[in-house]
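Chains as they are written, first to last, in our numbering: chain A, 130 to 346; chain B, 3 to 289.
Quick notes on the structure that follows.
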Amino acid sequence: MSILDVVGPVMIGPSSSHTLGAIRIGRFVNRLLGEKPDSVVFYLCGSFSKTYKGHGTDRALLGGVLGMADDDENIKKSIEIASSTGLAFRFSAFENEEVHPNTVRIECQKNGILHDVWGASIGGGAINIFRVNGVECSLNGKAPVIFVVNRDVPGALSKILNKLEINVANLYLKRLNRLKLTAAAIIELDDAPSKKTLEELKKLDVVLELYYIPKIF
Amino acid sequence: MLFEDLKRLVNGTQLPLHEVVLSYEMLENGEDPQTLKNDLSKLLKIMLEISDKIYGKKFQTLTGLTGENGFLLSKVDDGLLGEFIHCAVVTAISMSENNASMGRIVACPTAGSCGVIPGIFYALKKIKKLDFETLLNGFIVAGGIGEIIAAKATISGAVSGCQAEIGTATAMAAAGLTYCMNGNIEMVESAASISLKSLMGLVCDPVGGFVEVPCVKRNGTAVGVAVVASQMALAGIESVIPFDEVVDAMKKVGKSLPESLKETALGGVASTPTARKILKDIIENLG
Numbered sequence: 130m131s132i133l134d135v136v137g138p139v140m141i142g143p144s145s146s147h148t149l150g151a152i153r154i155g156r157f158v159n160r161l162l163g164e165k166p167d168s169v170v171f172y173l174c175g176s177f178s179k180t181y182k183g184h185g186t187d188r189a190l191l192g193g194v195l196g197m198a199d200d201d202e203n204i205k206k207s208i209e210i211a212s213s214t215g216l217a218f219r220f221s222a223f224e225n226e227e228v229h230p231n232t233v234r235i236e237c238q239k240n241g242i243l244h245d246v247w248g249a250s251i252g253g254g255a256i257n258i259f260r261v262n263g264v265e266c267s268l269n270g271k272a273p274v275i276f277v278v279n280r281d282v283p284g285a286l287s288k289i290l291n292k293l294e295i296n297v298a299n300l301y302l303k304r305l306n307r308l309k310l311t312a313a314a315i316i317e318l319d320d321a322p323s324k325k326t327l328e329e330l331k332k333l334d335v336v337l338e339l340y341y342i343p344k345i346f
Numbered sequence: 003m004l005f006e007d008l009k010r011l012v013n014g015t016q017l018p019l020h021e022v023v024l025s026y027e028m029l030e031n032g033e034d035p036q037t038l039k040n041d042l043s044k045l046l047k048i049m050l051e052i053s054d055k056i057y058g059k060k061f062q063t064l065t066g067l068t069g070e071n072g073f074l075l076s077k078v079d080d081g082l083l084g085e086f087i088h089c090a091v092v093t094a095i096s097m098s099e100n101n102a103s104m105g106r107i108v109a110c111p112t113a114g115s116c117g118v119i120p121g122i123f124y125a126l127k128k129i130k131k132l133d134f135e136t137l138l139n140g141f142i143v144a145g146g147i148g149e150i151i152a153a154k155a156t157i158s159g160a161v162s163g164c165q166a167e168i169g170t171a172t173a174m175a176a177a178g179l180t181y182c183m184n185g186n187i188e189m190v191e192s193a194a195s196i197s198l199k200s201l202m203g204l205v206c207d208p209v210g211g212f213v214e215v216p217c218v219k220r221n222g223t224a225v226g227v228a229v230v231a232s233q234m235a236l237a238g239i240e241s242v243i244p245f246d247e248v249v250d251a252m253k254k255v256g257k258s259l260p261e262s263l264k265e266t267a268l269g270g271v272a273s274t275p276t277a278r279k280i281l282k283d284i285i286e287n288l289g
């Protein structure tokens, strides 16, 4: 507990759970892609789906996906900005009793590749990203993350981890397709990796796709 | 952190309260006091800058239920409030309406209660003409009070009702105000205690769940509570119950409040016939 948990952050209103958390989940998607997507669908669950317009959750999510900061005053105009930049977007309600009431599933496309991120705004602006492209995880946005799709062969993971000079905080694994021999790993790190490390990782023969997501806040 | 600890340290070291708060943070979290002071200085500066920008303005809020209350009050001063409270209330309501219109704010302690503390500090700057350093010292003390409540209880309306949000903001504001007015540590404690006791049991009942009714006006009236509590304490009126115990009591009250009165929009003014009708209209209008 610190004074800074009580005073601040500087943010766009009106609600830390319905606005700030939504901006941050949206920004996770922006950082995953490294830029804004070509198209995006937001599936809103529970309280998000019932109250999103009165809380500006729609504008917050879009602003985040466009890469805006927590206190960017353009968030208010994000719908207009998204339209003017040619980003196709849609909001839709979805029922799911299993997940946190303030959950959004963001399905987006960039250069023909589909991405699917599930996140919950769990209060006070804190977030929990709990599924990325089919891999279950629990990411709070405060640590750098590497998402890697690799060949599902013996030794692949150790080759990847060996390249990292930084301590791994958490590791999430999932086999994606047994026939195509693909698997995915989400590697949560204590510190940001160097550019060189990321380049070397991309060059590994076992690495098929690699995304680096810097910390969100 | 306990208020008792702060009192013991102030009496033991003879250091001013704001420095004790910063040192305590270092002992607890390893935070460098100067870095923390700089961070808080930045936040206070932003808060005062935004206050300047939004004072008495009209806003287009998300639901349209509020937006011109700060403007209305800024135009009328019948002398009932006095210059200081008038300025503080206009700031608090305007800040809260700025929040409801997706404006930039400093959550303090939360977005829903973001008006009270800027209200007091902006009035201290504008009306009392206090210098920034004095304001910052008061702001640090306010932060310490907020941290005590957050650590011992909660600052979330969904957990303990509005007493934990507006109640905390008001206790912080009253403590900061008292310190800026040269109140000693006993006076600071009394001001915070009297405020929190005055708002104990306050329920979180936002119409439709939106941070507008009754939140915006509550930010305004809470400023009055903070100023009255502070002036009482500065006059030597003591809180019979120590602050730490008031916080414990607030936490217990929060536990005994039903879920309908904790941000669910199912009770309080949120469940009145008018609220239900308004909500139906809003949903139709927003589409």
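Beta carbons: idealized from backbone N, C-alpha and C, even for Gly.
Where do the ends of the alpha helix (DSSP H) carrying residue 182 (chain B) lie?
Unbroken alpha helix (DSSP H) run through residue 182 (chain B): 168-182.
Members of the region 103-119 of chain B that neighbour chain A once the beta carbon cut-off is set at 9 Å
Those would be 103, 104, 105, 106, 107, 108, 109, 110, 111, 112, 113, 114, 116, 119, in chain order.
Helix, strand or coil, according to DSSP, for residue 97 (chain B) in the structure here?
Here residue 97 (chain B) sits in helix by DSSP.
With distance defined between alpha-carbon atoms, name the residue in B:238, B:227, B:110 nearest to residue 139 (chain A).
Per the Cα distances, B:110.
Does the beta-carbon distance from residue 100 (chain B) to residue 56 (chain B) come in below 8 Å?
For the pair residue 100 (chain B) and residue 56 (chain B), the CB atoms are nearer than the 8 Å cut-off.
Per DSSP, which residues does residue 248 (chain A) bridge with? Please list them.
Checking the DSSP bridge columns, you'll see residue 248 (chain A) partnered with A:233, A:258.
Indicate whether residue 231 (chain A) and residue 175 (chain A) have their beta-carbon atoms separated by less than 8 Å.
By the CB criterion at 8 Å, residue 231 (chain A) and residue 175 (chain A) fall inside the cutoff.
So that I know if they touch, is there some Cβ in chain A lying closer than 8 Å to that of residue 283 (chain B)?
Chain A places no beta carbon closer than 8 Å to that of residue 283 (chain B), leaving this residue out of the contacts.
Buried or exposed, going by whether 16 or more other CB atoms sit within 10 Å of the CB of residue 343 (chain A)?
With fewer than 16 other Cβ atoms within 10 Å, it is exposed.
Would you mind working out which of B:150, B:233, B:167, B:155 sits nearest residue 184 (chain B), comparing C-alpha positions?
If we check each option's Cα against that of residue 184 (chain B), B:233 comes out closest.
Coil, strand or helix - residue 197 (chain B) by DSSP:
DSSP places residue 197 (chain B) in helix when its eight states are reduced to three.
Where the region 131-143 of chain A meets chain B: residues whose CB sits under 7 Å from a CB there:
Here the close residues are 131, 132, 133, 134, 135, 136, 137, 138, 139, 140, 141, 142, 143.
Apply the 10 Å Cβ neighbour rule to residue 189 (chain A) and answer buried if 16 or more other Cβ atoms are within range, or exposed otherwise.
When all chains shown are included, residue 189 (chain A) counts as buried.
Which residue's Cα is closest to the Cα of residue 200 (chain B): B:248, B:81, B:87?
Among B:248, B:81, B:87, the Cα nearest to that of residue 200 (chain B) belongs to B:248.
From residue 213 (chain B) to residue 147 (chain A), what distance separates their C-alpha atoms?
Their backbone Cα atoms lie some 10 Å apart in a straight line.
Would you kindly check if the distance between the Cβ of residue 193 (chain B) and the Cβ of residue 171 (chain B) is under 8 Å?
The answer is no: Cβ separation not under 8 Å.
Answer with yes or no whether the minimum CB distance from residue 73 (chain B) to chain A is below 8 Å.
Output row for residue 73 (chain B): interface = no.
Kindly indicate the opening and closing residues of the beta strand (DSSP E) around residue 354 (chain B).
No statement about residue 354 (chain B) is possible, as the shown extent of chain B runs from 3 to 289 and does not include it.
Kindly say whether residue 200 (chain A), judged by its beta-carbon, lies nearer than 8 Å to any beta-carbon of chain B.
By this cut-off, residue 200 (chain A) is an interface position.
Using DSSP bridges, identify the partner residues of residue 243 (chain A).
Here residue 243 (chain A) is bridged, per DSSP, to A:238.
Give me whichever residues DSSP pairs with residue 314 (chain A) in a beta bridge.
Under DSSP, the beta-bridge partners assigned to residue 314 (chain A) are A:277, A:302.
Give a yes or no on contact between the region 311-321 of chain A and the region 257-264 of chain A, applying the rule of three or more CB pairs nearer than 8 Å.
At 8 Å Cβ cutoff, the stretches touch.
Please list the partners that residue 185 (chain A) has in chain B, where partner means a Cβ-to-Cβ separation under 7 Å.
Result: 64, 104.
Determine the extent of the beta strand (DSSP E) in which residue 171 (chain A) is found, giving its start and end residues.
It spans 168-173 - the beta strand (DSSP E) in which residue 171 (chain A) sits, taken as one unbroken run.
Residue 209 (chain B) vs residue 277 (chain B) beta-carbon contact at 8 Å
The answer is yes: Cβ separation under 8 Å.
Proximity winner among B:254, B:17, B:139, B:215, relative to residue 154 (chain B) (alpha-carbon distances):
Comparing Cα positions, the closest option is B:254.
Is it a yes or a no for the region 212-228 of chain A touching the region 166-182 of chain A, going by three-plus beta-carbon pairs under 8 Å?
Here the region 212-228 of chain A makes contact with the region 166-182 of chain A; the two share three or more CB pairs at distances below 8 Å.
Give me the subset of the region 25-50 of chain B whose CB atoms are less than 8 Å from a CB atom of chain A, sorted by chain position.
Taking a C-beta cut-off of 8 Å against chain A, the contacting residues of the region 25-50 of chain B are 27, 30, 31, 33, 38, 41, 42, 45, 48, listed in chain order.
Does the distance from the CB of residue 119 (chain B) to the CB of residue 175 (chain B) come in under 8 Å?
Yes, the pair counts as a contact, with Cβ atoms nearer than the cut-off.
Chain-ordered neighbours of residue 149 (chain B) on chain A, where CB pairs are closer than 8 Å
Those are 130, 131, 132, 134, 135, listed as they occur along chain A.
Give the list of continuous alpha helix (DSSP H) stretches no shorter than 4 residues that lie fully inside the region 51-137 of chain B.
Entirely contained in the region 51-137 of chain B, the alpha helix (DSSP H) runs reaching 4 residues are, in chain order, 71-77, 84-102, 118-128.
Starting from residue 220 (chain A), follow the beta strand (DSSP E) in both directions and report where the run begins and ends.
Note, residue 220 (chain A): beta strand (DSSP E), 217-222.
Who are residue 264 (chain B)'s beta bridge partners in DSSP?
According to DSSP, residue 264 (chain B) bridges with B:206.
Option in B:18, B:282, B:113 with minimal Cα separation from residue 218 (chain B):
Out of B:18, B:282, B:113, B:113 has the C-alpha closest to the C-alpha of residue 218 (chain B).
May I ask which residues mark the beginning and end of the beta strand (DSSP E) holding residue 386 (chain A)?
What is shown of chain A runs 130 to 346, which leaves residue 386 (chain A) out entirely.
First through last residue of the beta strand (DSSP E) which encompasses residue 267 (chain A)
Membership of residue 267 (chain A) in the beta strand (DSSP E) is indicated by the continuous run 264-268.
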